[in-house]
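Engineer:
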Amino acid sequence: MGDPTVIDTSNKEIQSHYDFIVVGAGAAGSVLAAELSASGAQVLVIESGGPDDAPTILNPSIWFYNVGGPLDYHLPVASSPRLNNRKFNMALGHVLGGGTSINAMVWMRGMERDYDGWAKNGAKGWAFADVLPVFKSQEDWEGGANAWRGAAAPSTSAAQKILIPQRQPSSTQPAKWACPCWMT
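Residues in the sequence shown are numbered from 645 upward in steps of one, following the numbering used here.
1) Looking only at DSSP bridge pairs, what is Thr-800 linked to?
2) In angstroms, rounded to a whole number, what distance separates the CA positions of Ala-795 and Gly-787?
3) Can you tell me whether Leu-740 is buried or exposed? The criterion is at least 16 other CB atoms within 10 Å of its CB, across all chains shown.
4) Flag this pair as touching only if the stretch 689–703 and the stretch 732–739 have three or more C-beta atom pairs under 8 Å; answer yes or no.
5) Identify every residue that forms a DSSP beta bridge with Phe-664.
6) Taking just the CA atoms, how far does Asn-733 sit from Leu-719?
7) For a test of the three-state rule: what should DSSP assign to Pro-695, helix, strand or coil?
8) Looking at the unbroken alpha helix (DSSP H) that takes in Leu-680, where does it start and where does it end?
9) Could you pull the DSSP bridge partners for Asn-733 from this structure?
10) Specify whether the stretch 668–675 and the stretch 684–694 touch according to this definition: at least 3 beta carbon pairs, one from each stretch, less than 8 Å apart.
11) If we count the other Cβ atoms within 10 Å of its Cβ and call it buried at 16 or more, is Gly-646 buried or exposed?
12) Give the straight-line distance between the Cα atoms of Phe-664 and Gly-742, rounded to the nearest whole angstrom.
13) Would you list the one or two residues that DSSP bridges to Val-739?
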(Lines of atoms letter the chains of each structure in order from A; the text may use other names.)
(Lines give C-alpha, C1' and ligand atoms only; values in the text may rest on other atoms or scores of the structure.)
Protein backbone atom coordinates (compact mmCIF):
# COMPACT_ATOMS: atom_id res chain seq x y z
CA MET A 645 0.00 0.00 0.00
CA GLY A 646 1.34 3.40 -0.89
CA ASP A 647 1.47 6.32 1.46
CA PRO A 648 -1.60 8.56 1.36
CA THR A 649 -1.26 11.77 -0.60
CA VAL A 650 -3.20 14.94 0.11
CA ILE A 651 -4.11 16.66 -3.13
CA ASP A 652 -5.19 20.27 -3.19
CA THR A 653 -7.39 20.10 -6.28
CA SER A 654 -7.00 23.82 -6.92
CA ASN A 655 -3.27 23.38 -7.55
CA LYS A 656 -2.83 19.87 -8.93
CA GLU A 657 -4.47 17.58 -11.41
CA ILE A 658 -6.10 14.45 -10.08
CA GLN A 659 -6.17 11.17 -11.97
CA SER A 660 -8.93 10.67 -14.49
CA HIS A 661 -9.71 7.15 -13.24
CA TYR A 662 -9.93 5.47 -9.84
CA ASP A 663 -11.01 1.96 -9.01
CA PHE A 664 -12.88 3.22 -5.95
CA ILE A 665 -13.96 6.58 -4.59
CA VAL A 666 -14.57 6.69 -0.84
CA VAL A 667 -16.50 9.68 0.47
CA GLY A 668 -15.48 10.57 4.01
CA ALA A 669 -12.20 9.96 5.83
CA GLY A 670 -13.71 9.00 9.17
CA ALA A 671 -13.08 5.68 10.87
CA ALA A 672 -15.02 3.61 8.34
CA GLY A 673 -13.90 5.47 5.23
CA SER A 674 -10.23 5.48 6.21
CA VAL A 675 -10.17 1.77 7.02
CA LEU A 676 -12.09 0.92 3.85
CA ALA A 677 -9.71 2.99 1.73
CA ALA A 678 -6.67 1.36 3.36
CA GLU A 679 -8.04 -2.14 2.77
CA LEU A 680 -8.92 -1.38 -0.85
CA SER A 681 -5.55 0.19 -1.59
CA ALA A 682 -3.75 -2.74 0.07
CA SER A 683 -5.10 -4.89 -2.76
CA GLY A 684 -3.44 -2.59 -5.29
CA ALA A 685 -6.57 -0.64 -6.20
CA GLN A 686 -6.36 3.06 -7.01
CA VAL A 687 -8.48 4.74 -4.33
CA LEU A 688 -9.58 8.36 -4.05
CA VAL A 689 -10.78 9.52 -0.63
CA ILE A 690 -12.83 12.70 -0.57
CA GLU A 691 -13.03 14.49 2.79
CA SER A 692 -14.54 17.94 3.21
CA GLY A 693 -13.04 18.52 6.66
CA GLY A 694 -9.57 19.80 7.35
CA PRO A 695 -6.56 18.20 9.03
CA ASP A 696 -6.80 16.59 12.46
CA ASP A 697 -4.08 18.68 14.09
CA ALA A 698 -6.22 21.14 16.07
CA PRO A 699 -5.22 21.54 19.76
CA THR A 700 -8.74 20.46 20.77
CA ILE A 701 -8.14 17.14 19.01
CA LEU A 702 -4.61 16.58 20.26
CA ASN A 703 -5.43 17.41 23.89
CA PRO A 704 -8.31 15.25 25.15
CA SER A 705 -8.79 17.43 28.24
CA ILE A 706 -10.33 20.15 26.05
CA TRP A 707 -12.23 17.87 23.64
CA PHE A 708 -15.57 19.48 24.50
CA TYR A 709 -14.61 22.54 22.42
CA ASN A 710 -14.92 20.30 19.35
CA VAL A 711 -18.66 19.78 19.90
CA GLY A 712 -20.55 22.67 18.37
CA GLY A 713 -17.36 24.20 16.99
CA PRO A 714 -15.89 24.39 13.49
CA LEU A 715 -14.85 20.70 13.57
CA ASP A 716 -18.47 19.57 14.01
CA TYR A 717 -21.17 19.28 11.33
CA HIS A 718 -23.88 20.15 13.92
CA LEU A 719 -26.22 17.39 12.68
CA PRO A 720 -29.75 18.24 13.91
CA VAL A 721 -31.61 15.37 15.56
CA ALA A 722 -35.38 15.24 15.18
CA SER A 723 -37.30 15.67 18.40
CA SER A 724 -38.67 12.49 19.92
CA PRO A 725 -41.13 11.71 22.71
CA ARG A 726 -38.43 9.41 24.14
CA LEU A 727 -36.23 12.49 24.52
CA ASN A 728 -38.96 14.66 26.06
CA ASN A 729 -39.39 16.22 22.59
CA ARG A 730 -36.04 17.99 22.95
CA LYS A 731 -34.15 19.16 19.89
CA PHE A 732 -30.38 19.05 19.82
CA ASN A 733 -27.46 18.54 17.49
CA MET A 734 -25.48 15.33 17.29
CA ALA A 735 -21.73 15.80 17.15
CA LEU A 736 -20.41 14.62 13.81
CA GLY A 737 -16.76 15.26 13.04
CA HIS A 738 -16.07 17.62 10.14
CA VAL A 739 -12.38 16.81 10.06
CA LEU A 740 -9.98 14.15 8.85
CA GLY A 741 -10.87 11.15 11.01
CA GLY A 742 -14.51 12.22 11.41
CA GLY A 743 -16.09 11.61 14.79
CA THR A 744 -13.10 9.58 15.96
CA SER A 745 -11.05 12.78 15.89
CA ILE A 746 -13.40 14.74 18.16
CA ASN A 747 -14.32 12.06 20.72
CA ALA A 748 -11.72 12.79 23.44
CA MET A 749 -9.89 9.54 22.58
CA VAL A 750 -12.56 7.62 24.51
CA TRP A 751 -14.40 4.51 23.38
CA MET A 752 -16.63 1.98 25.01
CA ARG A 753 -17.78 -1.40 23.84
CA GLY A 754 -21.46 -1.99 23.44
CA MET A 755 -23.37 -4.16 25.87
CA GLU A 756 -23.08 -7.93 25.37
CA ARG A 757 -26.86 -8.26 25.16
CA ASP A 758 -27.01 -5.72 22.32
CA TYR A 759 -24.66 -7.74 20.13
CA ASP A 760 -26.49 -10.95 21.02
CA GLY A 761 -29.78 -9.23 20.15
CA TRP A 762 -28.45 -8.31 16.72
CA ALA A 763 -27.43 -11.91 16.11
CA LYS A 764 -30.80 -13.17 17.34
CA ASN A 765 -32.47 -10.88 14.81
CA GLY A 766 -30.44 -12.21 11.89
CA ALA A 767 -27.10 -10.37 11.97
CA LYS A 768 -24.92 -13.45 11.60
CA GLY A 769 -21.44 -13.00 13.01
CA TRP A 770 -22.46 -10.15 15.32
CA ALA A 771 -23.09 -12.06 18.57
CA PHE A 772 -20.85 -10.92 21.41
CA ALA A 773 -18.88 -14.17 21.24
CA ASP A 774 -18.19 -13.38 17.56
CA VAL A 775 -17.03 -9.78 18.05
CA LEU A 776 -15.10 -10.23 21.33
CA PRO A 777 -12.03 -11.67 19.54
CA VAL A 778 -12.04 -8.64 17.24
CA PHE A 779 -12.20 -6.25 20.21
CA LYS A 780 -9.37 -8.14 21.91
CA SER A 781 -7.22 -8.03 18.76
CA GLN A 782 -7.44 -4.23 18.68
CA GLU A 783 -6.22 -3.37 22.16
CA ASP A 784 -3.25 -3.54 24.46
CA TRP A 785 -5.00 -3.65 27.84
CA GLU A 786 -3.03 -2.12 30.72
CA GLY A 787 -3.60 -5.22 32.87
CA GLY A 788 -2.54 -7.73 30.21
CA ALA A 789 -4.60 -10.21 28.24
CA ASN A 790 -7.47 -12.04 29.90
CA ALA A 791 -10.83 -13.52 28.91
CA TRP A 792 -12.21 -10.04 28.13
CA ARG A 793 -9.15 -8.02 27.09
CA GLY A 794 -6.38 -8.27 24.53
CA ALA A 795 -2.70 -7.36 24.66
CA ALA A 796 0.09 -6.47 22.22
CA ALA A 797 -2.10 -4.54 19.76
CA PRO A 798 -1.26 -0.98 18.65
CA SER A 799 -4.05 0.67 20.66
CA THR A 800 -3.34 0.99 24.39
CA SER A 801 -6.42 0.81 26.62
CA ALA A 802 -6.65 1.85 30.24
CA ALA A 803 -9.58 2.14 32.63
CA GLN A 804 -10.14 5.69 33.78
CA LYS A 805 -12.85 7.45 35.72
CA ILE A 806 -13.82 10.73 34.19
CA LEU A 807 -15.86 13.28 36.13
CA ILE A 808 -18.43 14.73 33.79
CA PRO A 809 -20.65 17.55 35.05
CA GLN A 810 -24.32 16.79 34.55
CA ARG A 811 -27.25 18.99 35.49
CA GLN A 812 -30.16 17.07 36.92
CA PRO A 813 -33.46 18.04 35.20
CA SER A 814 -35.01 19.14 38.51
CA SER A 815 -31.99 21.10 39.74
CA THR A 816 -30.12 24.20 38.72
CA GLN A 817 -26.96 22.91 40.42
CA PRO A 818 -24.60 20.65 38.49
CA ALA A 819 -24.03 17.17 39.84
CA LYS A 820 -20.92 15.15 39.16
CA TRP A 821 -20.73 11.49 38.38
CA ALA A 822 -17.93 9.24 37.22
CA CYS A 823 -18.20 6.97 34.25
CA PRO A 824 -15.68 4.22 33.52
CA CYS A 825 -14.24 4.77 30.08
CA TRP A 826 -11.34 3.31 28.15
CA MET A 827 -8.74 5.80 27.06
CA THR A 828 -6.83 4.92 23.92
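Beta carbons are placed, not taken as given, at the ideal position from N, Cα and C, and that holds for glycine.
Computed from a predicted structure; not experimentally measured.
Structural biologist: This is what the structure holds:
1) For Thr-800, the beta-bridge partners assigned by DSSP are Asp-784.
2) In this model, Ala-795 and Gly-787 are separated by some 9 Å (Cα to Cα).
3) Buried, by the Cβ-count rule.
4) A contact exists between the stretch 689–703 and the stretch 732–739.
5) For Phe-664, which the question treats as bridged, DSSP gives the partners Val-687.
6) Going by the C-alpha atoms only, they are around 5 Å apart.
7) Three-state result, Pro-695: coil.
8) That run of the alpha helix (DSSP H) goes 671–682.
9) Residue pairing by DSSP puts Asn-733 in a beta bridge opposite Pro-720.
10) Yes, since at least three Cβ pairs between the stretch 668–675 and the stretch 684–694 fall closer than 8 Å, the two stretches touch.
11) Only weak support is given to the placement of Gly-646: the predicted model assigns it a pLDDT of 49, under 50, and the question is left unresolved by the model.
12) Going from the Cα of Phe-664 to the Cα of Gly-742 covers about 20 Å.
13) Gly-694.
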